[in-house]
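A.B. asks: I'd like to ask you about the structure that follows.
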Amino acid sequence: MRYSRRGMATERNKSAEAQQGFVYLPLFAGWLVPGAGHFLLRRWLRGSLLAVSIVAMFALGIAMQGKLYSGAHDILDALGLAGDLGNGLLFIVSRVAGLGADQVQVTTADYGTRFIVVAGLLNVISAVDAHNLRTGRKS
Amino acid sequence: MFRPSHFAAVLLFAFFASIVFAITQRETPRRMIRYGIYCFVLFVGSAIALSWAMYFIAR
Numbered sequence: 414m415r416y417s418r419r420g421m422a423t424e425r426n427k428s429a430e431a432q433q434g435f436v437y438l439p440l441f442a443g444w445l446v447p448g449a450g451h452f453l454l455r456r457w458l459r460g461s462l463l464a465v466s467i468v469a470m471f472a473l474g475i476a477m478q479g480k481l482y483s484g485a486h487d488i489l490d491a492l493g494l495a496g497d498l499g500n501g502l503l504f505i506v507s508r509v510a511g512l513g514a515d516q517v518q519v520t521t522a523d524y525g526t527r528f529i530v531v532a533g534l535l536n537v538i539s540a541v542d543a544h545n546l547r548t549g550r551k552s
Numbered sequence: 874m875f876r877p878s879h880f881a882a883v884l885l886f887a888f889f890a891s892i893v894f895a896i897t898q899r900e901t902p903r904r905m906i907r908y909g910i911y912c913f914v915l916f917v918g919s920a921i922a923l924s925w926a927m928y929f930i931a932r
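Below, the structure is given as structure tokens:
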């Protein structure tokens, strides 16, 4: 029985190429700036759509006077803070600039708070997607 | 201050979340578009269905 190693060698080369350099760069870049991980990998359209979607959700949340979590006083605050931190620089800059509300006072502010948290969670998903593209786990 | 109705907020939420889900969960553009539409319909449809369910439970 004969085995061809041509295909195997190609796969091994592809895998080796995918592991070269700092493979976590798209993950960190994508977390800090929405879509940046995909931009680093020259996925311009995907990165643009992700960036617009995540930034728009975050901006809508701020515009609705959504709350930006500042501390983990109880378990719900801790979960909200974890979601907010997923926004990366958007969250940090907004905290420094004093955007968002400290207390939820109207119904739309409650929607806004959810928009901000979900924008952070979606940003984490897109950063992980960029990492998967970088390592070759996804094409 | 931006004050959308509850339904407008659902539509905005579903639209943007569906785009991110489609791009990250599928590989080819064709499948991304189909999955994005599927997610959007599920988001909006389930919100409408649950709203009617709560309406009848409250009565």
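Residue numbers (my numbering), protein chains in the order written: chain A, 414 to 552; chain B, 874 to 932. Every residue gets a Cβ at the ideal spot worked out from N, C-alpha and C, and that includes glycine.
1. Among A/L489, A/I538, A/L503, A/A491, whose alpha-carbon lies nearest the alpha-carbon of A/V468?
2. Please classify A/F528: is it buried, with 16 or more other beta-carbons within 10 angstroms of its beta-carbon, or exposed?
3. Since A/K480 sits in a beta bridge, which residues does DSSP pair it with?
4. What is the residue span of the alpha helix (DSSP H) that B/Y911 lies within?
5. Alpha carbon to alpha carbon, how far is B/I892 from B/I906? Give it in angstroms, no decimals.
6. Within 8 Å (strictly less), CB to CB, does B/F880 reach chain A?
7. From A/T521 to A/S539, what distance separates their C-alpha atoms?
8. Distance check for A/R550 and A/G448, CA to CA, integer angstroms please.
9. Taking only the alpha-carbon atoms, compute the straight-line gap between A/L408 and B/R932 and give it to the nearest angstrom.
10. With distances taken from CA atoms, which of B/L884, B/Y908, B/M874 is nearest B/C895?
11. Would you please verify whether the beta carbon of A/Y524 is less than 8 Å from any beta carbon of chain B?
12. With a Cβ-Cβ cutoff of 8 Å, do A/V530 and A/W444 count as a contact?
13. Against chain A, does B/M938 count as a neighbour if the rule is that its beta carbon must be under 8 Å from one of theirs?
C.D. replies: In short:
1. Locating residue 468 of chain A in the first sequence gives position 55, where the first residue counts as 1. For A/V468, the closest C-alpha among the options A/L489, A/I538, A/L503, A/A491 is that of A/L503.
2. Indexing the first sequence from 1 puts residue 528 of chain A at position 115. Its Cβ being crowded by 16 or more others within 10 Å, A/F528 is buried.
3. For the purposes of this step, residue 480 of chain A is taken as the residue at position 67 of the first sequence. Within the DSSP bridge table, the entry for A/K480 names A/A514 as partners.
4. The residue you call residue 911 of chain B lines up with position 38 of the second sequence. Annotation for B/Y911: the continuous alpha helix (DSSP H) segment containing it runs 902-931.
5. Taking the first residue of the second sequence as 1, we reach residue 906 of chain B at position 33. Taking the first residue of the second sequence as 1, we reach residue 892 of chain B at position 19. Going by the C-alpha atoms only, they are around 8 Å apart.
6. Here the question's residue 880 of chain B lines up with position 7 in the second sequence. Judged by the 8 Å Cβ criterion, B/F880 is not in contact with chain A.
7. Reading the first sequence from its first residue, position 108 is the one you call residue 521 of chain A. Reading the first sequence from its first residue, position 126 is the one you call residue 539 of chain A. Near 26 Å, if we compare the C-alpha coordinates of A/S539 and A/T521.
8. Here residue 448 of chain A refers to the residue found at position 35 of the first sequence. Here residue 550 of chain A refers to the residue found at position 137 of the first sequence. Distance between the alpha carbons of A/G448 and A/R550 is about 18 Å.
9. A question about residue 408 of chain A goes unanswered here, because the residues of chain A that appear run from 414 up to 552.
10. Taking the first residue of the second sequence as 1, we reach residue 895 of chain B at position 22. Residue identity differs from the one stated: residue 895 of chain B is Ala in this sequence, not Cys. Out of B/L884, B/Y908, B/M874, B/Y908 has the C-alpha closest to the C-alpha of B/A895.
11. Position 111 of the first sequence holds residue 524 of chain A. Interface residue, yes.
12. Your numbering for residue 530 of chain A matches position 117 in the first sequence. Your numbering for residue 444 of chain A matches position 31 in the first sequence. No, the pair does not count as a contact, with Cβ atoms beyond the cut-off.
13. Outside the displayed range of chain B (874 to 932) lies residue 938 of chain B, so it cannot be described from this structure.
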